[in-house]
Amino acid sequence: MWLRISAIVMRFFFLHRRSVARVMEIFFWPVMNLLVWGFVTSYLKELAVPKTVLFLIGAVILWDVLYRSQQGITLAITEEFWVKNIINIFISPISIGEFLAAICVVGLIKSVVTTIVLGFLAFFFYSFNLLSAGPGLVLFLGNLLLFGWAVGLFTMALIFRYGRAAEALIWGVPFLIQPISAVFYPVSVLPAWLQKIAYLLPSTYVFEGMRQVLATGVVDVSILGISFGLNLVYLFLGSLYFSWMLCKVREMGYLSRLHLE
Amino acid sequence: MHQDSTNTTGTDAITEVCRLTKRFNSLTALDSLSFKVCRGDILGLLGPNGAGKTTAIHCMLGLVTPTSGSIRIMGLDVARHRRNILARVNFSSAYTALPSNLTVRENLIVFARLYGLKSARDRIDTLLELFEIEETNDRLTGSLSSGQLTRLNLCKAFLNDPEILFLDEPTASLDPDIAAKVRERLQELQRQRGLTMIYTSHNMQEVEQMCDRVIFLATGRIVMQGSPAEIIKQSQSRSLEDLFIAIARNGHLYQTVDNHEDEPCGSE
Ligand SMILES: Nc1ncnc2c1ncn2[C@@H]1O[C@H](COP(=O)(O)OP(=O)(O)OP(=O)(O)O)[C@@H](O)[C@H]1O
Ligand SMILES: [Mg+2]
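So the sequence lines, in the order shown, correspond to chains A and B.
So the first sequence is numbered by my numbering: it starts at 80 and just counts up by one.
So the second sequence is numbered by my numbering: it starts at 495 and just counts up by one.
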């Protein structure tokens, strides 16, 4: 089992080792994002707005964990379609669980690398210390990572089913979630009905929690617990949906035809 | 290596397809197909474009779920034991590719691992040599010619020393010289290891040369089967190619071979 999982991880390692563009994707966009928001924040600070503007920097970094995690796994699948390799993988003895595990590992590695880079940059440029959240940070990051996987499962299922037509979702879905997750502002600014939806997303709790830590220095473990619980639900539903879609796709013969599109 | 396989049923049929039907919405791609393949045989699936050859192979590999019917490979039901079967068979097609942005060796390393081979260096060397593409070792897969790619696909297909090899138009893009060499290699491997092959091709000379048995499909039904010599004689054609053209143009005139009576399928 580990051998098969490592095979897929290796495949992405080989790929990134050579591809400047792909490595840039892990660094370039996140860094650009951080710089823009970082300087906006510095500017706002000059205007003597309360220190809560630091939230923005935290938000940018944490958002990227979710985003990279979702991207990591959806791009991994799409990549196999692009290069017509999906059939080769599906006729090898790897189970779908092993394959998902492998691409989650790829997503994890990408997220971790990005977070470390952003963490350092934020510290040097804006003296924003990601580690000030203490060990609780792991809970924040972990929950975002998990939610990224769950969202990724749904996106992948749609890509399996609808092929090329669904590829826009890879980048689209995260931005559907972003405004509702209260990434850059507290949930309280959302209209009441949207707040209800916001609290259905694990990510909302993480961003609320982050603002709390930055303001008070206290990590509220209970809301991170809720986030974790919701994550388990979404991961479960996501796997279910993905497996169901895969069954459908085998029925419709899309695995053998997707590579023709 | 796998002479000791005990999973085969009483007969030496390594593949049993029973009333296999596949419908895509209103289109019937396979219509109650039944046939057996014996261990060590080379079976050719022939038929005009759209006859259902690829669909049949994909059903056997579990890529496509049949609408009805059953497939047993090495005594195991494909629907239930897909992964066990997949570990012991392999597939190569002119229509799939290995990641173009990895080198030839990297690709083979990845697939060797997928098939459970931890250190496959020697095996990869041997296979690259066997198919005469050892010089492509460090090159990016995307930079290979289509003939080299075809041979790389075959290397991949032999990584797990399969008992059954499914080939979908394996020689489609090879020049006559290389095509002949590839055929020789495949026949050698078949003789040495008792490899079973199920393959499609539109090259009738190749089929005549390679196949112990052929099955002619037209619109998802078997219209003729037997050894190439047998069916040429039976149909009073001059060659397999003539017969092919006759079937392709007037398939409806050929009675569908119905082998259900004499080969009761195990109840599934
Ligand atoms: N996923 C699918 N959805 C709808 N129709 C399909 C699908 N896959 C195959 N078909 C149809 O089923 C029929 C059989 O196709 P198949 O690819 O098996 O033919 P083939 O014998 O391999 O032909 P060729 O010689 O051109 O490769 C065709 O009419 C094809 O259009
Ligand atoms: Mg075909």
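Note that the Cβ used here is the ideal one computed from N, Cα and C, for glycine as well.
Cα separation between Thr548/B and Ile709/B?
Whole-angstrom Cα-Cα distance: 13 Å.
For Lys516/B, does the count of other Cβ atoms within 10 angstroms reach 16, so buried, or fall short, so exposed?
Within a 10 Å sphere around the beta-carbon of Lys516/B sit 16 or more other beta-carbons, which makes this residue buried.
Can you say whether Asn631/B is buried or exposed, counting buried as having 16 or more other CB atoms within 10 angstroms of its CB?
Result: exposed.
May I have all residues whose beta carbon comes closer than 7 Å to any heavy atom of ligand 2, sorted in chain order?
That query returns the following residues: Lys547/B, Thr548/B, Asp662/B, Glu663/B and Thr694/B.
Per DSSP, which residues does Phe92/A bridge with? Please list them.
BP columns for Phe92/A are empty, so no partner.
Under 7 Å from any heavy atom of ligand 1, does the C-beta of Asn543/B make it?
At a cut-off of 7 Å, the beta-carbon of Asn543/B counts as near ligand 1: some heavy atom of the ligand is closer than that.
Contact set between Glu330/A and chain B, taken where Cβ atoms lie within less than 7 Å:
What Glu330/A touches in chain B: Thr559.
Determine which residues of the region 261 to 272 of chain A have a Cβ less than 8 Å from any Cβ of chain B, and write them out in chain order.
Against chain B - using a Cβ distance shorter than 8 Å - the region 261 to 272 of chain A contributes no residues.
Using beta carbons (cut-off 8 Å, strictly below), is Gly641/B in contact with chain A?
Not one chain A Cβ lies under 8 Å of Gly641/B.
Counting only C-beta atoms, is Asn543/B closer than 8 Å to chain A at any point?
So, not an interface residue.
Secondary structure of Ser335/A, DSSP reduced to three states
The three-state reading of DSSP puts Ser335/A in helix, counting H, G and I together.
So which residues on chain A does Lys547/B lean against when the C-beta distance must stay under 9 Å?
What Lys547/B touches in chain A, judged by beta-carbon distance under 9 Å, is nothing: the nearest beta carbon there is about 12 Å away.
Determine which residues share a DSSP beta bridge with Arg719/B and list them.
One point to set straight first is that residue 719/B is Gln, not Arg, in the sequence displayed. Paired residue(s): Ile709/B.
Residues of chain A with CB under 7 Å from Val531/B, in chain order?
The contacting residues do not exist; Val531/B stays about 18 Å from chain A at best.
Exposed or buried, what is Met103/A when buried is set at 16 or more other beta-carbons lying within 10 Å of its beta-carbon?
Taking all protein chains shown into account, Met103/A has fewer than 16 neighbouring C-beta atoms within 10 Å of its C-beta and is therefore exposed.
By Cβ distance below 8 Å, which residues in the same chain neighbour Ser761/B in space, the five residues on each side in sequence not counted?
Any reading at Ser761/B must be qualified, since the residue scores a pLDDT of 44, below 50, and its modelled position is unreliable; the value itself is stated next. Hits under 8 Å: none found.
Going by beta carbon distance, what residues of the same chain come within less than 6 Å of Gly151/A, once the five residues before and after it are set aside?
Take Gly151/A, set aside five residues on each side of it, and the residues of its chain with a beta-carbon closer than 6 Å to its own are Val185, Gly186 and Lys189, in chain order.
Bridge partners for Phe660/B per DSSP, in chain order?
In the DSSP assignment, Phe660/B forms a beta bridge with Phe585/B and Ile692/B.
Check whether the region 169 to 185 of chain A and the region 295 to 311 of chain A touch, using three or more Cβ-Cβ pairs below 8 Å as the test.
A contact is defined here as three or more CB-CB pairs under 8 Å, and the region 169 to 185 of chain A fails this definition with respect to the region 295 to 311 of chain A.
One or two residues paired with Gly538/B in a DSSP bridge:
Answer is Tyr693/B and Val708/B, bridged to Gly538/B.
Amino acids of chain B, ordered along the chain, whose beta-carbon sits closer than 7 Å to that of Arg243/A:
Neighbours of Arg243/A in chain B, taken as residues at a C-beta separation under 7 Å, are lacking, since the least C-beta distance is about 17 Å.
Could you check if Trp323/A is buried or exposed, using at least 16 other CB atoms within 10 Å of its CB as the buried criterion?
Its Cβ having fewer than 16 others within 10 Å, Trp323/A is exposed.
Please find out if some non-hydrogen atom of ligand 1 comes closer than 7 Å to the beta-carbon of Met698/B.
Not under cutoff, so the answer is no.
For Cys808/B, list the residues DSSP reports as bridge partners.
Outside the shown range of chain B, which is 495 to 762, sits residue 808/B, and nothing can be said about it.
Closest by CA to Phe120/A, which one among His95/A, Phe263/A, Ser301/A and Leu316/A?
A quick correction: the sequence has Thr, not Phe, at residue 120/A. The residue with the shortest Cα to Cα distance from Thr120/A is Phe263/A.
Burial state of Asn164/A (16 or more Cβ within 10 Å)
It counts as buried.
Does the distance between the C-beta of Gly198/A and the nearest non-hydrogen atom of ligand 4 fall short of 7 Å?
No copy of ligand 4 occurs in the structure displayed; its ligands are ligand 1 and ligand 2 alone.
Out of Tyr284/A, Ala229/A, Leu334/A and Tyr146/A, which has the shortest C-alpha to C-alpha gap to Ser260/A?
Nearest of Tyr284/A, Ala229/A, Leu334/A and Tyr146/A to Ser260/A, Cα basis: Tyr284/A.
Could you check the C-alpha separation between Val268/A and Ile302/A for me, to the nearest Å?
About 19 Å.
N-terminal and C-terminal residue of the beta strand (DSSP E) that Asp525/B is part of
Here the beta strand (DSSP E) through Asp525/B covers Leu521 to Cys532.
Which residues, in order along the region 140 to 168 of chain A, keep a beta-carbon less than 7 Å from a beta-carbon of chain E?
Looking for chain E here will not work: the only protein chains present are A and B.
Under 9 Å, CB to CB, which of the residues in the region 591 to 614 of chain B have a partner in chain A?
Considering only beta carbons, the part of the region 591 to 614 of chain B lying closer than 9 Å to chain A consists of Ala591, Leu592, Pro593, Ser594, Asn595, Leu596, Thr597, Glu600, Asn601, Ile603, Val604, Phe605, Ala606, Arg607, Leu608, Tyr609, Gly610, Leu611 and Lys612, in chain order.
Which whole-angstrom value is the C-beta distance of Ser562/B and Asp571/B, which I expect to be below 8 Å?
With a Cβ gap of about 14 Å, Ser562/B and Asp571/B do not count as contacting.
Under 8 Å, Cβ to Cβ, is there at least one residue of chain A near Lys650/B?
Output row for Lys650/B: interface = yes.
Given a cut-off of 8 Å on the beta-carbon distance, is the pair Gly215/A and Val298/A in contact?
Yes, the Cβ-Cβ distance between Gly215/A and Val298/A is below 8 Å.
Can you say whether Thr690/B is buried or exposed, counting buried as having 16 or more other CB atoms within 10 angstroms of its CB?
Buried is the call here.
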